[in-house]
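I have placed the structure first, in the form of structure tokens, so that the comments after it can refer back to it.
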Amino acid sequence: MEKLKLAIIGCGTVTEIVHLPSVMQSNRFNIVYLIDKDMERTKGLAQKYEIPHIAINYQQIFDKEVDAAIVALPNHLHTPVTIDLLQHGIHVLVEKPMALESSECDEMIAVANERESVLAVGMVRRLYNSSQLVKQVLNCGLLGNIVSFDFREGSISKWATVSDYVVRKEKAGGGVLTNNGIHVLDLLLWWLGDYKSVKYYDDAVGGVEADCTVYMHMKSGVSGIVELSRTRDLRNTCVIQGESGILEVGSHFDSSISLKLKNKDSMIDWQLRQVDSSDKKIVDVFTRQIDDFADSVLNKREPFVPGSEGKRSIELIEWCYNVREFLDFPWMITKEPRSKELA
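Here the working numbering is used: the first residue of the sequence shown is 682, the next is one more, and so on.
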């Protein structure tokens, strides 16, 4: 099998924990370059994985034989670096969020089309077996007409970042909504279709938000709530209510699905899991992502999550920030109960 030559740009935590192990497990690429400004860290990773070249500046690869690149840099660098790579004929898998603004997404997509290069976006949770099973359940109509959804995801943040960009608005673009919630919003758009209107509340006071709530009305008529937190442990499941039953799926990569279907005057409970699910660790999911990226490059086809799909959640996040209101805390007196938001 033909192996492609890959550069990984950005050697932070996500590269160390998932990108490097998944590329090695995939066996579809030869990593020829690791690129990061922290040369000591980069050198250590290169030695561990026997990668021949390291560099500080990604532009050093332009006169080398590099077929593709993973862009795993701080969020504000995704657009300029990706565009530069695409313009030089290098296929790109860019980490989420693909950009900070939808206009930047348009630029990236236009350059990829012009250069006939692959632009894949790292919305990896679409590749969870549980996520794909939810998609199948919804598509086949087991729940009947969908009425509502309730997605709660939160935990006390323990992600060991190498840099501080995630708490700097100018570099991250936002807080929990941009960096964690983008996966949640992407799944909802993929499962339930486009949104019609949004109300959004967060706790940001000059910096990035740690807690937020989104109330969404979908074009299909479905309404729902998304609650996200970096400071509290939440339920970490999505509940989708239909006229014929209820589905609940966990946020973890190896979650099963709880499905309750109406049967006359009773409910039948099911626990669903894909028969061929062999994911033992999160790296297995990222391996499917890198396999899809390689296959899209070799066969000149659209990746599983192309730029046009990555843009959808960016547009939704933009809308949220544009209509932002301050999030009420439990000790504050509110004028109206939040339950009226979906009325």
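For glycine and all other residues, C-beta sits at the position ideal for the given N, C-alpha and C.
- With contacts defined by Cβ atoms closer than 8 Å, residue 879 and residue 1004 form a contacting pair.
- Secondary structure in the region 849–931: the alpha helix (DSSP H) runs of 4 residues or longer, each lying completely within the stretch, are 850–853, 857–860 and 862–873 in chain order.
- Within the model, the alpha-carbon separation for residue 739 versus residue 820 is close to 42 Å.
- Closest in C-alpha terms to residue 835, from the list 777, 823 and 894, comes 894.
- The criterion of a C-beta distance shorter than 8 Å is not satisfied by residue 700 and residue 737.
- By the neighbour-count criterion, in which a residue is buried when 16 or more other Cβ atoms sit within 10 angstroms of its Cβ, residue 899 is buried.
- Along the length of the region 752–825, whole beta strand (DSSP E) runs at least 3 residues long occupy 772–776 and 800–803, reported in chain order.
- In the assembly as shown, residue 791 is an exposed residue. Its beta-carbon has fewer than 16 other beta-carbons within 10 Å.
- If one requires a minimum length of 4 residues, the alpha helix (DSSP H) runs lying completely within the region 692–725 are 701–707, in chain order.
- Per DSSP, residue 685 is not a residue of any alpha helix (DSSP H); the beta strand (DSSP E) it occupies stretches across 685–690.
- Taking C-beta atoms as the reference points, residue 868 and residue 812 count as a pair closer than 8 Å.
- Taken through DSSP and simplified to helix, strand or coil, residue 836 comes out as coil.
- The Cβ neighbour count for residue 817, taken over all protein chains shown within 10 Å, is under 16; the residue is labelled exposed.
- Excluding its 5 nearest sequence neighbours in each direction, residue 724 has C-beta neighbours in its own chain below 7 Å: 735, listed in chain order.
- Fewer than three pairs of CB atoms, one per stretch, sit closer than 8 Å, so the region 725–733 makes no contact with the region 754–766.
- By the neighbour-count definition (other C-beta atoms within 10 Å, threshold 16), residue 861 is a buried residue.
- Under a 10 Å Cβ-count criterion, residue 798 is classified as buried, with 16 or more other Cβ atoms of the shown protein chains found around its own Cβ.
- In the DSSP assignment, residue 1005 is bridged to 881.
- The continuous alpha helix (DSSP H) containing residue 971 extends over residues 963–979.
- Take residue 916, set aside five residues on each side of it, and the residues of its chain with a beta-carbon closer than 7 Å to its own are 833, in chain order.
- Among the bridge pairs identified by DSSP, residue 829 is matched with 904 and 922.
- Contact between residue 749 and residue 978 holds, since their C-beta atoms are separated by about 6 Å, short of 8 Å.
- Judged by DSSP in its simplified three-state form, residue 939 adopts strand.
- For residue 732, there is no enclosing beta strand (DSSP E), as DSSP marks it with neither H nor E.
- Taking a C-beta distance under 8 Å as the contact criterion, residue 964 and residue 802 do not qualify as a contact pair.
- Under the criterion of beta carbons closer than 8 Å, residue 769 and residue 806 do not qualify as touching, at roughly 30 Å.
- Distance between residue 795 and residue 767, taken at the CA atoms: about 9 Å.
- Taking C-beta separations shorter than 6 Å and ignoring five residues to either side along the sequence, the partners of residue 921 in its chain run 830 and 928, following chain order.
- With a cut-off of 8 Å on Cβ pairs, the region 703–712 is in contact with the region 960–975, counting three or more such pairs.
- In this structure, residue 786 sits away from residue 881, with a CB-CB distance that is not shorter than 8 Å.
- In this structure, the beta-carbon distance from residue 975 to residue 726 does not fall below 8 Å.
- Rounded to whole angstroms, residue 874 and residue 823 show a C-alpha spacing of 17 Å.
- Here residue 950 is exposed, its C-beta having fewer than 16 other C-beta atoms within 10 Å.
- In this structure, residue 942 sits near residue 926, with a CB-CB distance shorter than 8 Å.
- By the neighbour-count definition (other C-beta atoms within 10 Å, threshold 16), residue 815 is a buried residue.
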